[in-house]
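A.B. asks: For the sequence shown, the numbering used here assigns the number 312 to the last residue and increments by one with no breaks. For glycine and all other residues, C-beta sits at the position ideal for the given N, C-alpha and C. Predicted model, so just to flag it, every value in this text is computed and none were measured.
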Amino acid sequence: MEKFVLGLLLMPMLVLCSGAPAGAQQATRQQAEFPVADEKPSEVLVKEEPPADGGRVRFDVGAKVASQYISRGVAFSEEPSLQPYITMTVALPELAGGVVRDVSWFVGNWSSLQSGGPGLGQRNSGDLAGWYEADLYTGISLGLPNDLNFSFTYYYYHSPAHSFRGYSDLEWILSYDDTGRWEGIVPLRDFTLSPMLRITQEVGRPGRKDAFYVQPSLTPSFNIGKADNPVWVRVPLAIGLSDDYYTTSNGGTATFGYFRTGLTIAGSFFRLGANPFMVGGGVDFWVLNDKVANGLDGTELVWRAGFRWAF
2 MEKFVLGLLL
12 MPMLVLCSGA
22 PAGAQQATRQ
32 QAEFPVADEK
42 PSEVLVKEEP
52 PADGGRVRFD
62 VGAKVASQYI
72 SRGVAFSEEP
82 SLQPYITMTV
92 ALPELAGGVV
102 RDVSWFVGNW
112 SSLQSGGPGL
122 GQRNSGDLAG
132 WYEADLYTGI
142 SLGLPNDLNF
152 SFTYYYYHSP
162 AHSFRGYSDL
172 EWILSYDDTG
182 RWEGIVPLRD
192 FTLSPMLRIT
202 QEVGRPGRKD
212 AFYVQPSLTP
222 SFNIGKADNP
232 VWVRVPLAIG
242 LSDDYYTTSN
252 GGTATFGYFR
262 TGLTIAGSFF
272 RLGANPFMVG
282 GGVDFWVLND
292 KVANGLDGTE
302 LVWRAGFRWA
312 F
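(1) With distances taken between CB atoms, is the gap from Y168 to V204 smaller than 8 Å?
(2) Roughly how far, in whole angstroms, is the beta-carbon of Q202 from the beta-carbon of D191, given that I think they are within contact range, below 8 Å?
(3) Along the chain, which unbroken stretches of the beta strand (DSSP E) at least 3 residues long are found entirely within the region 244 to 293?
(4) Count the other CB atoms within 10 Å of the CB of E95; is the residue buried (16 or more) or exposed (fewer)?
(5) Using only the alpha-carbon positions, how far apart do T88 and A76 sit?
(6) Express the C-alpha separation of G144 and V91 in angstroms, rounding to a whole number.
(7) Using the rule of at least 16 other Cβ atoms within 10 Å of the residue's Cβ for burial, across every protein chain shown, is N1 buried or exposed?
(8) Taking all protein chains shown into account, do 16 or more other C-beta atoms lie within 10 angstroms of the C-beta of P146, making it buried, or fewer, making it exposed?
(9) For the beta strand (DSSP E) containing V62, name the first residue and the last one.
(10) Mapping DSSP to helix, strand and coil, what is F96?
(11) Is the CB-CB distance between R305 and A67 below 8 Å?
(12) Could you give the distance in angstroms between the alpha-carbon of T29 and the alpha-carbon of G122?
(13) Applying the 10 Å Cβ sphere with the 16-neighbour rule, what's the burial state of V251?
(14) Three or more C-beta pairs under 8 Å: does that hold for the region 181 to 200 against the region 156 to 170?
(15) Quick check: what's the CA-CA separation for Y259 versus Y246?
(16) Between E134, L149 and R73, which lies nearest to V100 when the distance is taken from Cα to Cα?
(17) Quick one: give me the first and last residue of the beta strand (DSSP E) that V104 is part of.
(18) Curious, which full-length beta strand (DSSP E) runs of at least 3 residues does the region 143 to 213 contain?
(19) V284 and L297: beta carbons closer than 8 Å?
(20) Excluding five sequence neighbours on each side, which residues of the same chain lie with their C-beta closer than 7 Å to the C-beta of G226?
(21) Use the C-beta contact count for A228: other C-beta atoms within 10 angstroms, 16 or more gives buried, fewer gives exposed.
(22) Could you tell me which of E79, F271 and F257 sits nearest to V288, measuring between CA atoms?
(23) Please report the distance separating the alpha-carbon of T180 from that of L219.
(24) In whole angstroms, what separates the C-alpha of P85 from that of T249?
(25) Does the Cβ-Cβ distance between N110 and L83 come in under 8 Å?
(26) Looking at S112: is its Cβ nearer than 8 Å to the Cβ of G131?
(27) Determine the DSSP secondary structure at D298, reduced to helix, strand or coil.
(28) Count the other CB atoms within 10 Å of the CB of V58; is the residue buried (16 or more) or exposed (fewer)?
(29) Rank Y158, L171 and S243 by C-alpha distance to the C-alpha of P207 and give the top, closest one.
(30) How should A239 be labelled, buried or exposed, when 16 other C-beta atoms within 10 angstroms of its C-beta is the threshold for buried?
(31) Give me the Cβ distance between G281 and I266, rounded to the nearest whole Å; I'm assuming they're in contact under 8 Å.
(32) Here's the rule: buried if 16 or more other CB atoms are within 10 angstroms of the residue's CB, otherwise exposed. What is G307?
(33) State buried or exposed for A162, treating a residue as buried only when at least 16 other CB atoms are found within 10 Å of its CB.
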């Protein structure tokens, strides 16, 4: 596993040093690129918008404040959380060919911090108390025919505050870019459904058997702003399923973990450089399996607000 991850990290560096042209355009994706954990940052408030310069290397930075940290239908922190991230993406057109329209490599970090402890009986100690989670991730993203996109990502989850022991995930995402497919059918500007299938395999999870997780989702979205300055309204619809992730109160396991929906609104009110600075907020509504020991009630509302800037 270590050799495989090292290969992912070094591959784009070797290509960049080969003298290949640096002006290749990256195909637009909606929400399948650089996913982290459950919905971070691939559902970070807004649709993917490539930087205006179309360069080979780009950065995506952002943060959100959430009233509670819930992931995959399980409570990780009952306290308000600040969750910043940064992702670097490198376009690798030299590797495209055949059915693969474009290739990119990405690497990044996502964190979750609280002013105090996370609650739920978890530790919060050491010099970095309050820094509940720091995730490192790297992977590849492929543009395929018929507006399909595929990504594979390796994650390492770490707690600087010693709230949990580290472990890894392997994740595969297949998504379909249905931009323009609903024009003349749905009377909403730039309407999309953004179907996605997310599959995750845990590796080395402490305290129990590694779980296999499946999340099919739709994210109906439309633009209530202008064509050149969109304001996106999004309604996520996702279901969480697993073999061993959801432990029941009697010690067994459940397949169904949750249904999640909600509403987010995001837009750009100004630009930094040539690229829009996106801000937004919304609410997630979780309908949870009450037989699962998830630290939550049968339903939960989570408020969030944040920003995003890609350059």
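C.D. replies: Taking the coordinates as given:
(1) Result yes, Cβ atoms of Y168 and V204 sit closer than 8 Å.
(2) Rounded, the Cβ-Cβ distance is 35 Å, inconsistent with contact.
(3) Those beta strand (DSSP E) runs which fall completely within the region 244 to 293 and span 3+ residues are 254 to 273 and 276 to 289.
(4) Burial call: exposed.
(5) Put simply, the backbone Cα of T88 is about 25 Å away from that of A76.
(6) Separation of V91 and G144 (C-alpha to C-alpha, rounded to the nearest whole angstrom) is 14 Å.
(7) Look at the range of the chain in this structure, 2 to 312, and you will see that residue 1 is not part of it.
(8) Under a 10 Å Cβ-count criterion, P146 is classified as exposed, with fewer than 16 other Cβ atoms of the shown protein chains found around its own Cβ.
(9) Residues V58 to A67.
(10) Per the sequence presented here, residue 96 reads as Leu, with Phe not at that position. Three-state DSSP puts L96 in a helix.
(11) Contact flag set, yes.
(12) For T29, the predicted structure reports a pLDDT of 29, less than 50, and the residue's modelled location is therefore unreliable. The matter cannot be settled from this model.
(13) For clarity, residue 251 is Asn in the given sequence; the question names Val instead. So N251 counts as exposed.
(14) No, they do not touch.
(15) Near 12 Å, if we compare the C-alpha coordinates of Y246 and Y259.
(16) Looking at the Cα atoms, L149 is the closest of the given residues.
(17) Note, V104: beta strand (DSSP E), D103 to L114.
(18) Counting whole runs of 3 or more residues, the region 143 to 213 contains the beta strand (DSSP E) stretches 149 to 159, 168 to 177 and 197 to 204.
(19) The answer is no: Cβ separation not under 8 Å.
(20) Around G226: V232 and G268.
(21) Exposed, by the Cβ-count rule.
(22) The shortest C-alpha separation from V288 is found at F257.
(23) Roughly 13 Å separates the two Cα atoms.
(24) Cα to Cα, the separation comes out at about 32 Å.
(25) Not a contact, by the Cβ cut-off of 8 Å.
(26) In this structure, G131 does not lie closer than 8 Å to S112 by Cβ.
(27) In the structure shown, the three-state DSSP call for D298 is coil.
(28) Within 10 angstroms of the beta-carbon of V58 lie fewer than 16 other beta-carbons, which makes it exposed.
(29) It is Y158.
(30) Burial call: buried.
(31) Rounded, the Cβ-Cβ distance is 6 Å, consistent with contact.
(32) G307 sits buried, since 16 or more C-beta atoms from the chains shown fall within 10 Å of its C-beta.
(33) Classification of A162: buried, given that the 10 Å Cβ count is 16 or more.
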